[in-house]
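See below for the structure under consideration.
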Amino acid sequence: MLKFIIQRLFLYIALFFTIIIITFLLVHLAPGDPTYILAGQVNDPEFIKAVRHRFGLDKPLYVQLLIYIENVLKGDLGYSYFRSESVSSLILSRIPATFLLILTAMFIVSLVGVFLGTIAAAKRGWIDAIISVLSLIGVSIPYFWLGLLMLIIFSLNLNLFPTGGMTSLTTTYQGIYYYLDILYHLFLPATTLAIFNIAYVTRVTRGNVLEVLTQDFIITARSKGLPERRVIFRHALRNALIPVVTFIGFNTGVLLVGAILTETIFSWPGMGLLLYNSLQLRDYPVMLGIFIYGALIIIIINLIVDILYNILDPRIRKE
Amino acid sequence: MYKLILNHTKYLKEKFSNFNTRLIVGITLTCIIVILGILAPFITWYPPLTVMQGPPYQPPSLQYLFGTDDLGRDIYVNTIYGIRTSLIVGVLSALIAMLIGILLGIIAGYYRGFLEDLLMRITDMAFIIPQFLLALIIVTTLGPNIYNIILAIGVTSWPGIARMTRATTLSVKQQTFIEAAKVLGLSDIKIISSELLPNSLPSVIPYITLQIGNNILVEAGLGFLGVSDPNVSSLGMLLNNAQQHILANAWWMSVFPGIFLSLMILGFNLLGDGLIEYMNPRLRRKAF
Numbered sequence: 360m361l362k363f364i365i366q367r368l369f370l371y372i373a374l375f376f377t378i379i380i381i382t383f384l385l386v387h388l389a390p391g392d393p394t395y396i397l398a399g400q401v402n403d404p405e406f407i408k409a410v411r412h413r414f415g416l417d418k419p420l421y422v423q424l425l426i427y428i429e430n431v432l433k434g435d436l437g438y439s440y441f442r443s444e445s446v447s448s449l450i451l452s453r454i455p456a457t458f459l460l461i462l463t464a465m466f467i468v469s470l471v472g473v474f475l476g477t478i479a480a481a482k483r484g485w486i487d488a489i490i491s492v493l494s495l496i497g498v499s500i501p502y503f504w505l506g507l508l509m510l511i512i513f514s515l516n517l518n519l520f521p522t523g524g525m526t527s528l529t530t531t532y533q534g535i536y537y538y539l540d541i542l543y544h545l546f547l548p549a550t551t552l553a554i555f556n557i558a559y560v561t562r563v564t565r566g567n568v569l570e571v572l573t574q575d576f577i578i579t580a581r582s583k584g585l586p587e588r589r590v591i592f593r594h595a596l597r598n599a600l601i602p603v604v605t606f607i608g609f610n611t612g613v614l615l616v617g618a619i620l621t622e623t624i625f626s627w628p629g630m631g632l633l634l635y636n637s638l639q640l641r642d643y644p645v646m647l648g649i650f651i652y653g654a655l656i657i658i659i660i661n662l663i664v665d666i667l668y669n670i671l672d673p674r675i676r677k678e
Numbered sequence: 101m102y103k104l105i106l107n108h109t110k111y112l113k114e115k116f117s118n119f120n121t122r123l124i125v126g127i128t129l130t131c132i133i134v135i136l137g138i139l140a141p142f143i144t145w146y147p148p149l150t151v152m153q154g155p156p157y158q159p160p161s162l163q164y165l166f167g168t169d170d171l172g173r174d175i176y177v178n179t180i181y182g183i184r185t186s187l188i189v190g191v192l193s194a195l196i197a198m199l200i201g202i203l204l205g206i207i208a209g210y211y212r213g214f215l216e217d218l219l220m221r222i223t224d225m226a227f228i229i230p231q232f233l234l235a236l237i238i239v240t241t242l243g244p245n246i247y248n249i250i251l252a253i254g255v256t257s258w259p260g261i262a263r264m265t266r267a268t269t270l271s272v273k274q275q276t277f278i279e280a281a282k283v284l285g286l287s288d289i290k291i292i293s294s295e296l297l298p299n300s301l302p303s304v305i306p307y308i309t310l311q312i313g314n315n316i317l318v319e320a321g322l323g324f325l326g327v328s329d330p331n332v333s334s335l336g337m338l339l340n341n342a343q344q345h346i347l348a349n350a351w352w353m354s355v356f357p358g359i360f361l362s363l364m365i366l367g368f369n370l371l372g373d374g375l376i377e378y379m380n381p382r383l384r385r386k387a388f
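Protein chains in written order, with my numbering: chain E, 360 to 678; chain X, 101 to 388.
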């Protein structure tokens, strides 16, 4: 097991360096002088000189790469053009909101997706057909469009939910009401993000439960006279759950990208909204920073899922 | 006569018994969408993106089928041309992905050993990097025009195809005709190009179809964030515009482009799923 984890760890470290090198190369391959990409459209020769020196742009390419890697590892990703703040602190301040959104969505996805998938596999017939068709439609509808529609229907026309943000701007709530207010604002974005992934998890759960249901120990359980509900939820689901859990874990990358688009629609103050704003302002260092931080988050989650998978399923350890 | 028709239906049923509902619906949907995209100049009345074809924010009517947007652009015209853009980007980027993925997959599957390990680790790594973020960074760095968008989506969407090609190559390689080709003394390149490739390709095609659907979604997502070619009408761009003017409460601005985008992705997903099932009838009733 340790060998496997060390192998994965090496892969992830190599991946992280690859990502740093990709971003570095992109900055240098882009048309125009990289100085202007890193410094913004300023004409102050003193400032340009300072930036050139700071990023070592007057040195040969491989030295520049080493300097860049060193800076990234130190967490120094430069400064935002438009906000007088370092890229790292700007992104770190937005991570909690994004995590809140992703974790809430993941919670909904795990509950609803696993439930629907199990029901579809256990009942078959028309229930299965309906769930199958719905999940196929669910994976085909772009979630940003779905979010837009939800915003138009539930916020703008029915006035049931706020149009955006994380907290109410007009009133300040205290204590428990503060958290309830956040939850109220969280509802639409989390649901939007969840629906798309529920469809995926339903499909995966259904496939796995169906496969487990053909195995011998299910026949044994049934012939012992156990009630069907117990067979499905105790025996089949339990054994089908490991691949589902892994799927949900590895799907965090998809959720992160989904969160970026969802945050844009509902003005949820996380990394996604920051990315959208920097895209509009052409705030290049922040964009690159979000890419590097996003990749780092996904790598860490993948590593955690790898380790959990190993602990959960003893069969993998032997391989 | 009745008997004849009955016999004929029976014959058709047997002949197409491998066809499944998903495949048929998928083919139909994709064909309709592709025809709309090809016929775009003939079923619209203005070039795309012309402003002030009508008053702004007109609800759908006979004159403006899908209504007009904030600049008085006809949403119907732009949606139809947007479908065309989506198809072009989706198909061409999937072709780029196919070239890279099949090349890497076949090399890994054929040569095994160190080369396979290396290529598959690279594929593993490429799988983890979120495609959307990488494509976004590439397009914004190189400049948002349609060629860069196709290129960026293409070079970020090959890992799935590479894995699939390697898996099929491994199984094709076990067949006796590959051994025969080797005994005959054919060169590696000859074996790969005239034996392995034609026999591996059919099982990879459904996954390429799924990739087209995925790439259309990525392109629309980029457009939704405002990263799109300003000179080309695209569905993502229309949705981005709808979002920016959401307070005008012009529901038609987002509803119509979104419906066509969803139908297009649904079509390619159904087609891909249906083809997988068509090629492996064993999977029938198992996957959906």
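All residues carry an ideal CB built from backbone N, CA and C; glycine is no exception.
Quick caveat: nothing in here was measured; it's all calculated off a predicted structure.
- Query: Listed in chain order, which residues of the segment 306 to 325 of chain X have Cβ atoms closer than 8 Å to some Cβ of chain E?
  - Reply: Gly313, Leu317, Ala320, Gly321, Phe324, Leu325
- Tell me, please, which residues DSSP counts as bridged to E/Ser445. Per DSSP, the beta bridge partners of E/Ser445 are E/Tyr438.
- Message: Quick check on X/Asp288: does DSSP put it in helix, strand or coil?
- Response: helix
- Message: If you reduce the DSSP assignment to three classes, tell me which class X/Asp329 lands in.
- Response: coil
- Query: Touching or not, the segment 614 to 626 of chain E and the segment 307 to 325 of chain X, by the rule of three or more beta carbon pairs under 8 Å?
  - Reply: yes
- Contact residues within the segment 230 to 243 of chain X, judged by C-beta distance below 9 Å to chain E: Listed in sequence order: Pro230, Gln231, Phe232, Leu233, Leu234, Leu236, Ile237, Ile238, Thr240, Thr241, Leu242, Gly243.
- What residues in its chain sit with their C-beta under 8 Å from that of E/Tyr438, if we drop five residues either side in the sequence? Glu444, Ser445, Val446, Pro644
- Answer yes or no: does any C-beta atom of chain E fall closer than 8 Å to that of X/Ser362? yes
- Given 8 Å as the limit, is there contact between the segment 592 to 604 of chain E and the segment 416 to 431 of chain E, that is, 3 or more CB pairs closer than that? no
- Would you kindly check if the distance between the Cβ of X/Thr276 and the Cβ of X/Val304 is under 8 Å? Against a cut-off of 8 Å, the Cβ pair of X/Thr276 and X/Val304 comes out as no contact.
- Taking just the CA atoms, how far does X/Gln344 sit from E/Leu528? 21 Å
- Item | Opening and closing residue of the alpha helix (DSSP H) in which X/Lys282 lies | 276 to 283
- Under a three-way DSSP split, which group does E/Glu678 fall into? Caution is warranted here: a pLDDT of 44 is assigned to E/Glu678, below 50, making its placement in the model unreliable, and the coordinate value is therefore given only provisionally. Three-state result, E/Glu678: coil.
- Counting only beta-carbon atoms, is E/Leu385 nearer than 8 Å to chain X? yes
- Item | Residue(s) in a DSSP beta bridge with X/Thr168 | X/Asp174
- Task: Check whether the Cβ of X/Ile349 lies closer than 8 Å to any Cβ atom in chain E.
- Result: Here residue 349 of chain X is Asn; the residue named in the question, Ile, does not match the sequence. Interface criterion met: the Cβ of X/Asn349 is under 8 Å from a Cβ in chain E.
- Query: Taking 8 Å as the CB-CB cut-off, is E/Gly653 touching chain X?
  - Reply: Among the residues facing chain X, E/Gly653 is included, as its CB has a counterpart in that chain under 8 Å away.
- Could you tell me which of E/Thr551, E/Gln423, E/Arg411, E/Tyr440 sits nearest to E/Leu510, measuring between CA atoms? E/Thr551
- the segment 327 to 355 of chain X: positions lying closer than 8 Å to chain E by Cβ: Val327, Leu339, Ala342, Gln343, Ile346, Leu347, Asn349, Trp351, Ser354, Val355
- Task: Note the first and the last residue of the continuous alpha helix (DSSP H) segment covering E/Asp403.
- Result: Note, E/Asp403: premise wrong, no alpha helix (DSSP H); not H, not E.
- Query: Count the other CB atoms within 10 Å of the CB of E/Tyr502; is the residue buried (16 or more) or exposed (fewer)?
  - Reply: buried
- Item | Pick from X/Asn120, X/Thr185, X/Trp145 that is closest to X/Pro330, judged by C-alpha positions | X/Thr185
- Query: So is X/Asp174 in contact with chain E if we call contact Cβ pairs under 8 Å?
  - Reply: No, no contact with chain E.
- Is X/Leu296 buried or exposed, if buried means 16 or more other CB atoms sit within 10 Å of its CB? buried
- Might you give, ordered along the chain, the residues of its own chain that have their beta carbon closer than 7 Å to the beta carbon of X/Gly326, omitting 5 neighbours on each side? Asn340
- Span of the alpha helix (DSSP H) around X/Met337: Boundaries of the alpha helix (DSSP H) around X/Met337: 335 to 344.
- Item | Cutoff 8 Å; reference X/Ala387; Cβ partners in own chain excluding five residues on either side | At X/Ala387 the pLDDT is 39, less than 50, meaning the model places this residue with poor confidence and gives no usable figure here.
- E/Ala682, DSSP secondary structure in three states: As shown, chain E starts at 360 and ends at 678. That puts residue 682 of chain E outside it, with no answer to give.
- Message: Please list, in chain order, the chain X residues whose beta carbon lies closer than 7 Å to that of E/Met646.
- Response: Ile237, Thr240
- Message: Between which residues of its own chain and E/Phe376 is the CB-CB distance below 8 Å, once the five residues before and five after are set aside?
- Response: Ile428
- Query: In chain E, which residues lie with their C-beta within 7 Å of the C-beta of X/Asp224?
  - Reply: Leu370
- Task: Would you mind sorting E/Tyr371 into buried or exposed? The rule is 16 or more other CB atoms within 10 Å of its CB.
- Result: buried
- Query: Since E/Ile658 contacts E/Leu374 with CB under 8 Å, what's their CB separation in whole angstroms?
  - Reply: 6 Å
- Message: Taking its Cβ as the centre, do 16 or more other Cβ atoms sit within 10 Å of X/Asn107, making it buried, or is it exposed?
- Response: So X/Asn107 ends up on the exposed side.
- Counting Cβ pairs closer than 8 Å, one from the segment 247 to 267 of chain X and one from the segment 650 to 667 of chain E, do we hit at least three? The answer is no - the segment 650 to 667 of chain E does not touch the segment 247 to 267 of chain X, with fewer than three Cβ pairs under 8 Å.
- Query: Between X/Ser333, X/Thr309, X/Tyr176, X/Ile261, which lies nearest to X/Thr130 when the distance is taken from Cα to Cα?
  - Reply: X/Thr309
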